[in-house]
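What follows is one structure encoded as structure tokens, with my remarks underneath.
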Amino acid sequence: MVNGVQTPTTKDVDVLLGDLRAFTVLALREMQDGTPDVPISGSFGAPASDAAPKDPSRAMILPFLRLQSQFANKRGPFGYFVFDGFTDMTYPIRTVPVSPGDEVVLASDGYPLLRPTLDESERELQRLRSEDPDLIDRYRSTKGFQGRATFDDLTYLRFIA
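According to UniProt numbering, the sequence shown is numbered sequentially starting from 1.
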């Protein structure tokens, strides 16, 4: 984010797998009792109190998650860039112009609703956790909160260039 303007960095493969997980969550809920708003925590078919937190939908998409790495640093519809030491030096990297005095925010995808300050980003994360703990509606992900404070790693850096 530069001066409050976000640069989208969502990978096509993440959208695909997030949609696939949302599909499996909703399908499992329909199979369970036809109630579309029952949280998926707990083992499928067992109340959450009867089992350690699990996400059967994540287990269902796991083979696809494992295949995702085949597209790292590859061009094409599901390709994505990774800083891993095996980068193709000709890979087209998107750059964002930054001038002296610009406010820059860099964050990991653990902050899917990035805001200009850490406090605002944390509030958005907690609102998302409250409104969509399984992450199948407003922000679809390959995993939900599952009773945790976050669903992914959190890194946030804000500075003036």
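Quick reminder that beta carbons are idealized off the backbone N, C-alpha and C, glycines included.
The beta carbon of T9 lies closer than 8 Å to those of D109 in the same chain, with the five residues before and after it left out. Excluding residues up to 5 positions away in sequence, P77, F78 lie with their Cβ nearer than 7 Å to the Cβ of D12 in the same chain. Going by C-alpha positions, P133 is about 21 Å away from Y156. S99 and Q6 have their alpha carbons spaced roughly 16 Å apart. Unbroken alpha helix (DSSP H) runs of no fewer than 4 residues, entirely contained in the region 47 to 84, are found at 56 to 68, following chain order. In the displayed model, A149 falls within coil according to three-state DSSP, outside both helix and strand.
Within its own chain, the residues whose Cβ lies closer than 7 Å to the Cβ of N3, once the five positions on either side in sequence are excluded, are D102, E103, listed in chain order. Judged by their CB atoms, F159 and F151 are not nearer to each other than the 9 Å cut-off. Under the criterion of beta carbons closer than 8 Å, L28 and P56 qualify as touching, at roughly 6 Å. Residue pairing of F159 in beta bridges, as defined by DSSP: V104. DSSP places G4 outside any alpha helix (DSSP H), giving it a letter other than H or E. The region 122 to 131 makes no contact with the region 61 to 74, as fewer than three CB pairs between them are under 8 Å. Judged by beta-carbon spacing, T95 lies beyond the 9 Å limit of R21, meaning their Cβ atoms are not closer than that value.
By alpha-carbon distance to L106, the top candidate from T24, M31, L154 is L154. Rounded to the nearest whole angstrom, the CA to CA distance from L67 to R140 is 19 Å. In the displayed model, G144 falls within coil according to three-state DSSP, outside both helix and strand.
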